[in-house]
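Data block below; observations after.
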Amino acid sequence: MTDKPVIVVLSPWYTVAMDELDQHFTVHKLYESKDPAALLASVRDTCVGIAGSKVCDAATMDALPNAKVIAHHGVGYDGVDVAAATARGIKVSNTPDVLSDEVADFAIALTLATLRRIPQADRYVREGRWEREGDMKFTDRMWGRKVGILGLGRIGIEIAHRFAAFKMDIAYHTRSKRDVPFTYYSSLLDMARAVDILVAIVPGGAGTKHLVNREVLDALGPNGVFVNVARGSVADEDALIAALKDGRLGAAGLDVFADEPRVPQALKDMTENVVLQPHQASATHDTRLAMGRLVMENLLLGIAGKPLITPVN
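Mapped onto this note's numbering, the consecutive letters of the sequence shown carry residue numbers -2 to 310.
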C-alpha cells in the first residue's frame, strides 16, 4: 500500500510536467490502458482525483465516486460536465492566466502570417520559384487595419493590447460592454461588417457553436480575414470552406478545427490563402510546464479539501 493519493489521468499533457505527478500521487493513466473499464473498476474505491485535457462526463465520475476534484488541463473546459460534477460535490479547475500571454502572442503571429503569407513565401524560396519566377506577389499589411476580437476575456484583452502596438483600430464583441478603450459592438454581425480582420477567442460549447456562420463570413467580405485561436466549434467549418472557395472570404488562419486532429482536405488544399496550425497556440515548453504544474497544485488542494487556485464551479 502507498500513502500517495490515487488519481486517474484521462489524457496526456507535457511529459516533463506529468513526470512530476509521480512525486505526489499514485498515477493511473487511462489513455494507456488496453481495458479502460477494468482500470476504472480497479480504482473505483481509491481514486480521489481526476485530471486530463479531454472529455470527463458523468459516467466517468460515477465510475470514480470518491473523486474530490477534476483538474482540467486547458482554459476551455467544455469537455467537462461541470453540472454533473457540481451535483456530485466534485470541484473542477482549469488552467487560465498561465497561458494568456502565450496564446496572445500566437494569435498575433498567426494573423501576421496569414496577411503577409509567410508560410507561402517560405515555400516560394525553398521551391526555387524566386529564382525562376522573380519576386513573389505582394501581400497585405497588418498595421493600421481594423480588427474585431470575438471574446474579450483574459486572452482576448492580451490580444487587443498586442494589436494596439501595430497601430490597429480595435473593436470587440462580447455579451456585455467592458471598461476598455476599444470599440464595443453588441452585434457580431455589425462588427464583422466594420472590420478587416476577425479573431475568435471565445470558449467552446453549445453557447458559442457556429457563432461565426455564413452571414458573419459574408459580412467580412472578399478582402476579410478570419483567424481562429478559440475552438473549432466556434466557426461553421462547412460555411468557412465554402466562403473561401467562392472568394466571399479573403483568407483564414486556423489553429483549431471541428474534428481535431482531422482537418478537411479542402482546407489543406487551399495553400495560397489559408494558414493551418495543429492547435498549438499554448504549446511552448515554458507554458505547458506551468499549465501542468497548475493542474498538479489544484489536484493537491482539491484532494486536501482546500480551495482551488483556479476553480470553475
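Think of the CB as a built atom: it goes at the ideal place given N, C-alpha and C, for glycine as much as any other residue. Owing to the predicted nature of the structure, the values given are computational and were not obtained by experimental measurement.
Any non-hydrogen atom of the ligand HEM closer than 7 Å to residue i Cβ
i, result
"Asn220", "Because no ligand of any kind appears in the structure shown, any question about the ligand HEM cannot be addressed here."
For residue i, three-class secondary structure by DSSP
i, result
"Val272", "strand"
"Val222", "strand"
"Ala80", "helix"
"Met(-2)", "Interpretation of Met(-2) is limited by its pLDDT of 44, a score under 50 that renders its predicted location unreliable; no figure is taken from the coordinates."
"Ile47", "strand"
"Trp250", "Contrary to the premise, residue 250 reads as Gly rather than Trp in this sequence. Strand at Gly250."
"Ala232", "strand"
"Val327", "Only positions -2 to 310 of the chain appear in the structure, and residue 327 is not among them; the question remains open."
Identity of the residues DSSP links to residue i by a beta bridge
i, result
"Ile167", "Val144"
"Ser90", "Ala68, Pro308"
"Thr23", "Val3"
"Arg259", "Asp256"
"Ile194", "Val144, Val222"
"Thr180", "Ala168"
Residue of the options minimising C-alpha distance to residue i
i, options, result
"His276", "Glu294, Ala255, Val292, Gly289", "Ala255"
"Gly71", "Leu286, Val24, Ala82", "Leu286"
"Thr111", "Arg85, Arg120, Ala101, Met139", "Met139"
"Ile47", "Asn295, Ile146, Lys265", "Asn295"
"Asp42", "Lys65, Ala55, Gly49, Asp32", "Lys65"
"Ile146", "Arg120, Arg175, Thr136", "Arg175"
"Ala60", "Asp252, Gly202, Ala82", "Ala82"
"Val213", "Val199, Leu195, Asp283", "Leu195"
"His25", "Pro33, Ile4, Ser8", "Ile4"
"Gly229", "Thr205, Ala239, Asp94", "Thr205"
Neighbourhood of residue i by C-beta distance below 7 Å, restricted to the same chain and skipping five residues each side
i, result
"Val77", "Cys53, Ile67, His69, Val89"
"Met(-2)", "Here Met(-2) scores only 44 on pLDDT, less than 50, and its place in the model should not be relied on; the value that follows carries that caveat. Taken in chain order, the list of residues that qualify is empty."
"Lys247", "Before going on, a small fix: residue 247 reads as Gly here, not Lys. For Gly247, where only same-chain residues beyond five positions count, the Cβ hits under 7 Å are Pro219, Asn220, Gly221, Val222, Asn270."
"Met267", "Leu241"
Beta-carbon proximity list for residue i, same chain, < 6 Å, skipping 5 on both sides
i, result
"Lys143", "Asp166, Val192, Asp193"
"Gly302", "none"
"Lys265", "none"
"Val272", "Ala110, Thr111, Pro116, Gly250"
"Ala278", "Val100, Phe103, Val226, Asp252"
"Asp137", "Leu112"
Other residues of its chain near residue i: CB distance less than 8 Å, five sequence neighbours each side excluded
i, result
"Pro308", "Lys88, Val89, Ser90"
"Val177", "Leu149, Ile154, Ala157, Tyr169"
"Gly141", "Phe163, Lys164, Met165, Asp166"
"Glu17", "Gly289, Arg290, Met293"
"Ala14", "Arg285, Leu286, Met288, Gly289, Arg290, Val292, Met293"
Check whether the segment 94 to 113 touches the segment 222 to 242, counting contact only when three or more Cβ pairs, one atom from each stretch, lie closer than 8 Å. yes
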